[in-house]
Each structure stands twice: as C-alpha cells, then as structure tokens.
RNA sequence: GCUCCCAUCGUCUAGAGGCCCAGGACACAGCCCUCUCAAGGCUGGUACGAGGGUUCGAAUCCCUCUGGGAGCGCCA
C-alpha cells in the first residue's frame, strides 16, 4: 500500500456548520473509510476575530453527532499536527522565509482602498479584476520608501507567467488553466496572519492529505495552490470538486429554506442517520435503493458516482429518511422525546405504543398529551363519532372497566353488549379515548392510557352521548 | 464585464448512439390490507429546457440560445 488514503475536513469555526459543508465532510469521510484510510479534522482559525473555542467545540460535537469520526484532529494530536492553524504560526513563517529567499514571494504595499479602486477600474475596462502586480517589481529603495510611509505589507506569491497548469479533477475530469489568468495572490495578510490559499494548501501537504473533496467554489483555487505547493517542493494531493447544495428554488442553500445547518436539523429532532442517508445521495448515487446503514454507505461510496450538477436539498426527502430512521431507532434514542412529557418510568412503554406514528419530537409531545393529559370536550368529527355510537356503548365499557382495564375482555364484552364490531366499534371508542380518529392501534393505546383516564374519558363520552340524545329528543 | 461548470419527472437520480414513445426512489392520486393513521402491496399521472445540426438511428455527439451554479478578494 504505497499511498494510504488520507482525507480531511477543514472548516473554519465561524458560524454554524452548514449542510453543504457537512456533505463534503461526509464524502471525504466515506472515501477514507471506504479505502481504509485516515480522515483528519483541521480547524482553519487563522482569522482570529472570527473563531472561538465554543464554536470549535460545537463543530466537533456536530460532526460526532453525525457519526463522522476523525483519526486526528485538535483533540487527537499526532506528529503531523497541530490541527488548528492558529497553532501553526512557526511552520507558516518558515515557509514564507523560504519563498522570500527564493524570490517566489514579495511584499505588497498596496492598501485595501488602492486594490479596491484597481479592481473597479479593471472591471469597468471589461477585464478580470485581478491583482495587477504593482509591487511585484519594487526594488529595495521603493520598498523602503513605502515602509517609511508606515504601510504594513502583505506577502504575495509570485505566480510564474506563461505556465500551463493541468490536473485531473476527481469529479470534473481533466482541467487546464493558464498561469496568466492568475494574479499574484496574498499568502500573508498585512496583520501577519496566514491567508487561506496558503495555509490550506500547505497544511494538506504537511498532513499527508492525498485526496481533497471540496465545494466547486474552490476550482479556481486549485491551480494557485498547486503552484504554491510545487514551489515549496511538497506533494500535491488529488482534488475533486463537488457541486454546491442549493435549496428547492435553485438558489444557494440558506436560512430561508428552513433547515440549512446541522444545528437546525438537529434542533428540529432529525436523527443523524436520516441526515446522513439523505446527504450521501445528494450529488452522489448509490446502486442500491433504500435505507443504508453506515457500513453500507461506506461500502458503496464511489467517486465516479458523484454528479456534476448542483443538488437541491428538499425537506420532504429528509422527512422520508427520518421516518425510516425512527422506525429503526433503538428505544433509547427515542425515549428522550418522551422524557418530561410522560409519567417518569413510562417512557419505554409510551414509545413502544406510538413509535409507528412518530416522525419528530412534537409528534411525541402530542401523543403524550392525548394519552396522559386532561382532554377537553370533544368537537367536530370526533364528537360526531361519539354521539353516533350512543350512550350504551360507553356505559357498557365503563361497566367492564370498573375494576380493571383489560383490552381483550373489553372488546369481547362490548361486541356482546352492543352487537357492534369493526369500525363501528373501534372508531367511537378511539374517539372517546384519544379524541382522534387516527393513531396507533387501540390495543397499544389502551395499554398506556392510565386507567383513571380511561374511565374519565369513557364517562365523558357517555355523558356527551346521552346529553345530545336528550337534547335532540326535546327538539323533536 | 470576463472565465469556467452544469442542464432527465415537483425533488433525488439511472441512463456513457439502438436495450428508452426513458427505469427506480421521495412526494402526489386511486385501490387493496386494516378499527383508524402509519407501514406494506398494487395501479396511475408527471421529465430528456428550446432550436439547429451529425447519424440509418440521439436523452446520449456538435453548435447556438435560454436557464442555473461557481470564480475573478489582505473571505474561507
């Protein structure tokens, strides 16, 4: 095994973990696991102002929640670390020195304002707004003069001219760029911090990353990063660019599409397995339909099955996978949905009774109320069902349940007493006991509704039916 | 403004010149099963963005248009 696969996820800890980002993280993870390789987590926190420890913790918690485990990362350091860029200053400084010494980089004294004006000017001339190379040929006196003006320089990489850069994109196939389309780019900001293009590429090489799957917004970065890595004499990883995730309307996925971040879907109560089953198929097709356990997700993952068109994230698809996930979830996963809403100790029995009717936690809350709560007076179709059945049914039911509640005994007795069966029997009973016409099997429900509530509800139904009957008789 | 990429049912997708008047899944509708809902089973409608080529033959190849996405930063 000459080249063990190493992939990575390199988020910047600013803001929430976006679904589009985790999808690329997932692809990298799947690819590494598929090939028995390593998956590493690197925190890109060079931009100090935008990062904080709490965010890093949250980010790791969310990845872990999804089941994406990493072999090395900020909490699992190894020889290739440190895995947070804020701790890699010395390493970057050494690289800048080497580039400077070889004249492959130069200080740039242009101010943000000057650059902005140059960009606008280029744009109005119909040219791409790339760096013009103003400081590229500055000699020592020129630099000294600018230093005296108090300008803090950034450091730019000197992009060679007239070079052809080609690479084989893992998902887009052969790519070709001319270095002349690339402006000299900043590798160290004026404040001394490392710029993305630079530290991202450098760290990938230093950490032995062999395959980089990332969003297609990085395609144009690839030739720059290759040039840079090559200039430093390091190894270049293979790159694959996956299309971005968009909302149902085709616009980039954002808040207004509902759930756009891992935090959102998690807060809504979606299970990680559901999220992963969906994400793994957005822009990637599996040869098998239906639910896949992590091992199968890994086993069937295939780079050549990655698509090149933007994929739409659709909440109704997530709902479907969620139902599948709930169906398979161990009781312990679902019990928290019940906690605090059902009598202590009843969680397991409650979940067992209603799980087929659950998709998200609010469903559990609703059923908990219908089962254990005080129900108001019946209305609408529920009321009609009760009234239509008549007082006798409920009176008989109360008689049979006076001592204890036994489902089989109750049904048998009611069939005998009323001559009713099937829908004519169950529907009014269901209506009286849950105030719903749909729901889990009655046997299941009766097993969890407290006996006292059963009698209260049956009595309420009986009274409602008799009151209505008298009322109608009086009106006649 | 310039450059690059993409384009099959509402959505996820299969399809790499004849196997496709386009297959599967989700969603939707109907039926069956069933005390109801869900699940399950069956059935149905809905798509190759448009126009030109190439070819005996095109969803598949080429061109134009249209639509979408991305990039051109001291943002990552």
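In our numbering, the protein residues as written are 233 to 708. The beta carbon of each residue, even a glycine, is placed where N, CA and C say it ideally should be.
Which same chain residues, not among the five before or five after residue i, have their C-beta less than 6 Å away from its C-beta?
i	result
residue 558	590
residue 179	The first residue shown for the chain is 233 and the last is 708, placing residue 179 beyond what the model contains.
residue 287	245
residue 659	617
residue 261	271, 300
residue 563	580, 583
residue 259	445
residue 639	675, 678
Within 10 Å of its beta-carbon, does residue i have 16 or more other beta-carbons around it, so buried, or fewer, so exposed?
i	result
residue 245	buried
residue 641	exposed
residue 520	exposed
residue 703	exposed
residue 420	buried
residue 349	exposed
residue 284	exposed
residue 707	exposed
residue 386	buried
residue 699	exposed
residue 345	exposed
residue 480	exposed
residue 359	exposed
residue 609	exposed
residue 236	exposed
residue 343	exposed
residue 594	exposed
residue 326	exposed
residue 548	exposed
residue 377	exposed
residue 310	exposed
residue 423	exposed
residue 277	buried
What whole-angstrom Cβ distance do residue i and residue j have, given they're in contact under 8 Å?
i	j	result
residue 303	residue 272	6 Å
residue 443	residue 470	5 Å
residue 249	residue 507	In fact, because the Cβ distance is near 11 Å, the residues do not count as touching under 8 Å.
residue 492	residue 251	6 Å
residue 669	residue 661	Not a contact, Cβ separation roughly 11 Å.
residue 625	residue 652	7 Å
residue 592	residue 501	4 Å
residue 687	residue 630	6 Å
residue 317	residue 275	7 Å
residue 510	residue 518	The Cβ separation is near 12 Å, so there is no contact.
residue 441	residue 265	Going by Cβ atoms, the distance from residue 441 to residue 265 rounds to 15 Å, so no, they are not a contact pair.
residue 459	residue 425	In fact, because the Cβ distance is near 21 Å, the residues do not count as touching under 8 Å.
residue 324	residue 431	6 Å
residue 371	residue 391	Not quite, the Cβ-Cβ distance comes to about 20 Å (not below 8 Å), so this is no contact.
residue 477	residue 543	6 Å
residue 338	residue 383	Actually they are not in contact, since the Cβ atoms of residue 338 and residue 383 sit about 14 Å apart, beyond 8 Å.
residue 628	residue 644	Not confirmed; about 11 Å, so no contact.
residue 614	residue 663	5 Å
residue 463	residue 331	7 Å
residue 456	residue 414	6 Å
Below 7 Å CB to CB, which residues in the same chain sit around residue i once its five sequence neighbours on both sides are set aside?
i	result
residue 561	503
residue 672	585, 586, 588, 589
residue 571	579
residue 467	437
residue 691	630
residue 291	243, 245, 249
Residues bridged to residue i by DSSP?
i	result
residue 401	405
residue 418	388
residue 271	239
residue 371	DSSP output for residue 371 lists no bridge partner at all.
residue 339	387
residue 639	Bridge partners of residue 639: none, in fact.
residue 470	443
residue 250	493
residue 426	420
residue 396	410
residue 305	308
Going along the chain, which residues of its own chain have a beta-carbon closer than 8 Å to the beta-carbon of residue i, five neighbours each way excluded?
i	result
residue 396	408, 409, 410, 411
residue 233	Unreliable placement is indicated for residue 233, whose pLDDT of 46 sits below 50; the coordinate value is still reported in the next sentence. Cβ neighbours of residue 233 beyond the five flanking positions: none.
residue 334	463
residue 268	236, 237
State whether the region 352 to 366 contacts the region 423 to 442, with contact taken as three or more CB pairs (one from each stretch) at a distance under 8 Å. no
Indicate whether the contact test is met: 3 or more Cβ pairs, each with one atom in the region 458 to 478 and one in the region 402 to 413, closer than 8 Å. The count of Cβ pairs closer than 8 Å, one atom from the region 458 to 478 and one from the region 402 to 413, reaches three, so the stretches are in contact.
Across the region 567 to 580 and the region 533 to 545, are there enough close Cβ pairs to call them in contact, namely three or more that are closer than 8 Å? no
Any contact between the region 602 to 610 and the region 678 to 698? By contact I mean 3 or more CB pairs, one from each, below 8 Å. yes
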